[in-house]
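K.L.:
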Amino acid sequence: MKKNIALLLGLILGLGFVSCSSDDDDDENVNGEDKYLAELLITRYDWKDGKRSDEGKLNQLIKYNKDGRWLGCEYNDGTRDEYTYDDNGDCIEKREYNSNNTLIYTSKYEYNYVDSFMVMSVYNWKNELVRTDKNEYSYDEKLIKCTEIIDSIGKDHGSVYIYSYSGTTVTMEKNNLKDGSFMQKYTREYDSYGNITKMTTSYKSGNIYIDEFSHEYDSNGNILKTTGPTTNGVNRGYTEYTYNDDGTVKNQHCVNGLNTDYEKVFDLEYTYKYKKK
Numbered sequence: 006m007k008k009n010i011a012l013l014l015g016l017i018l019g020l021g022f023v024s025c026s027s028d029d030d031d032d033e034n035v036n037g038e039d040k041y042l043a044e045l046l047i048t049r050y051d052w053k054d055g056k057r058s059d060e061g062k063l064n065q066l067i068k069y070n071k072d073g074r075w076l077g078c079e080y081n082d083g084t085r086d087e088y089t090y091d092d093n094g095d096c097i098e099k100r101e102y103n104s105n106n107t108l109i110y111t112s113k114y115e116y117n118y119v120d121s122f123m124v125m126s127v128y129n130w131k132n133e134l135v136r137t138d139k140n141e142y143s144y145d146e147k148l149i150k151c152t153e154i155i156d157s158i159g160k161d162h163g164s165v166y167i168y169s170y171s172g173t174t175v176t177m178e179k180n181n182l183k184d185g186s187f188m189q190k191y192t193r194e195y196d197s198y199g200n201i202t203k204m205t206t207s208y209k210s211g212n213i214y215i216d217e218f219s220h221e222y223d224s225n226g227n228i229l230k231t232t233g234p235t236t237n238g239v240n241r242g243y244t245e246y247t248y249n250d251d252g253t254v255k256n257q258h259c260v261n262g263l264n265t266d267y268e269k270v271f272d273l274e275y276t277y278k279y280k281k282k
């Protein structure tokens, strides 16, 4: 079975693709039609002198519904998110709370299935509109354009993101909403397993940054080690993976190549429930 670890990398290392809105994440049912993943607990441990710390700390706790979509997520800084879905399984609201359990932002989603677009409206704790994103999709459900408006500043402030696809390469160009001027360009290349191998970021100033990743797999397509990112030739670390018997990730050992004191081990614990018939 081929393992795409983009979700876990994004959760633990913050490597998600740059986008102007965040959709809900799906997780496949790995244990049969009557069983579903209800919770994923990610615990963080320090690693020093070849040993892990005795006491771990919460990194993330993700709760899922029976369809594999996020119901909520608790983070290591005490913040959390909650999600609500419609009968089609689409996310219609996301609520973000700070560490004092105070609602900070509410994102509301509206869908147009005929014209293939989605609008996300973000409100602050005063129920004031602060940001609007409009995502437009191709016939094969690929994101092709995102218009981001920073309503808290003005209707002409924001960015337009244009996406293009070629084989295993995804390119996104970011332009100024007001005058259409170029701001940034991101290109991401993926291997046959769907894991990222190269990220190229070009800025208006002319600066270009290249992040590269290499992956080692076992005979089943499970990723064993990711080296990188290597940024403009400087290696920033690696991550090693071990697996449970059912093929789910058991733990990740992350080494920071720029700071050898920053070594972490992440344990993943899965809680399953049975679907009600």
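Residue numbers for the sequence shown, in my numbering: 6 to 282.
C-beta: ideal position from N, C-alpha, C; glycine also.
Going by the DSSP bridge assignment, what does Thr244 pair with across the sheet?
P.N.:
Start at 1 with the first residue of the sequence shown, and residue 244 comes out as number 239. In DSSP, Thr244 forms a bridge with Thr231, Cys259.
K.L.:
Select from Tyr102, Leu263, Asp120, Leu229 the residue whose C-alpha is nearest the C-alpha of Tyr128.
P.N.:
Walking along the sequence shown from the start, residue 128 turns up at place 123. Taking only the C-alpha atoms, the option nearest Tyr128 is Tyr102.
K.L.:
Using only CA atoms, which one of Asn106, Thr107, Tyr114, Asp92 lies nearest to Lys99?
P.N.:
Locating residue 99 in the sequence shown gives position 94, counting from the first residue. Selected option, being the one with the closest Cα: Tyr114.
K.L.:
In chain order, what are the residue ranges of uninterrupted beta strand (DSSP E) at least 3 long that sit wholly in the region 86-144?
P.N.:
Those beta strand (DSSP E) runs which fall completely within the region 86-144 and span 3+ residues are 96-102, 108-117, 122-129, 134-142.
K.L.:
Would you report the Cα separation of Ser169 and Asn225, rounded to the nearest angstrom?
P.N.:
As a working mapping, residue 169 is identified with position 164 in the sequence shown. As a working mapping, residue 225 is identified with position 220 in the sequence shown. Taking the straight line from one Cα to the other gives about 31 Å.
K.L.:
Of the residues Trp130, Lys147, Ser126, which one's Cα is nearest the Cα of Ile154?
P.N.:
Working through the sequence shown from its first residue, we reach residue 154 at position 149. Comparing Cα positions, the closest option is Ser126.
K.L.:
Over the uninterrupted beta strand (DSSP E) stretch that includes Gly77, give me the two end residues.
P.N.:
As a position in the sequence shown, residue 77 is number 72, starting the count at 1. Here the beta strand (DSSP E) through Gly77 covers 75-80.
K.L.:
Identify the continuous beta strand (DSSP E) that holds Ser207 and give its terminal residues.
P.N.:
For the purposes of this step, residue 207 is taken as the residue at position 202 of the sequence shown. Residues 201-208.
K.L.:
Using a Cβ-Cβ cut-off of 7 Å (strictly less than) and excluding sequence neighbours within five positions of Lys71, which residues of its own chain qualify?
P.N.:
Along the sequence shown, one-based indexing puts residue 71 at 66. Around Lys71: Tyr41, Lys280.
K.L.:
When you compare each of Gln65, Glu87, Glu133, Asn81 to Trp75 by their alpha carbons, which one comes out closest?
P.N.:
Within the sequence shown, numbered from 1, the residue matching residue 75 stands at position 70. Measuring from the Cα of Trp75, the nearest candidate turns out to be Glu87.
K.L.:
Nearest CA to the CA of Val239: which residue from Tyr214, Lys230, Thr247?
P.N.:
Stepping through the sequence shown from its first residue, residue 239 is reached at position 234. When each option's Cα is compared against that of Val239, the closest is Tyr214.
K.L.:
Tell whether a beta-carbon distance below 8 Å holds between Thr218 and Thr192.
P.N.:
Taking the sequence shown and counting its residues from 1, the one referred to as residue 218 is at position 213. Taking the sequence shown and counting its residues from 1, the one referred to as residue 192 is at position 187. According to the sequence as given, residue 218 is Phe; it is not Thr. Not a contact, by the Cβ cut-off of 8 Å.
K.L.:
Suppose you measure from the CA of Tyr267 to the CA of Ser121; what does that come to, to the nearest Å?
P.N.:
Residue 267 sits at position 262 when you count from the first residue of the sequence shown. Residue 121 sits at position 116 when you count from the first residue of the sequence shown. Whole-angstrom Cα-Cα distance: 44 Å.
K.L.:
Buried or exposed: Thr265, going by 16 or more other Cβ atoms within 10 Å of its Cβ?
P.N.:
Residue numbering aside, residue 265 sits at position 260 when the sequence shown is read from its first letter. Exposed, since its Cβ has fewer than 16 Cβ neighbours within 10 Å.
K.L.:
Measure the alpha-carbon distance for Tyr222 versus Tyr80 and round it to whole angstroms.
P.N.:
As a position in the sequence shown, residue 222 is number 217, starting the count at 1. As a position in the sequence shown, residue 80 is number 75, starting the count at 1. The alpha-carbon atoms of Tyr222 and Tyr80 are separated by roughly 29 Å.
K.L.:
Hey, does Arg57 have any beta-carbon neighbour from chain B nearer than 8 Å?
P.N.:
Of the protein chains in the structure, only one exists, and it is not chain B.
K.L.:
Work out the CA separation of Cys78 and Asn132 for me, nearest whole Å.
P.N.:
In the sequence shown, residue 132 corresponds to position 127, counting from 1. In the sequence shown, residue 78 corresponds to position 73, counting from 1. Spanning the two alpha carbons is a distance of roughly 22 Å.
K.L.:
Run through DSSP, which three-state label would Asp59 get?
P.N.:
Walking along the sequence shown from the start, residue 59 turns up at place 54. In this structure, Asp59 counts as coil in the three-state DSSP scheme.
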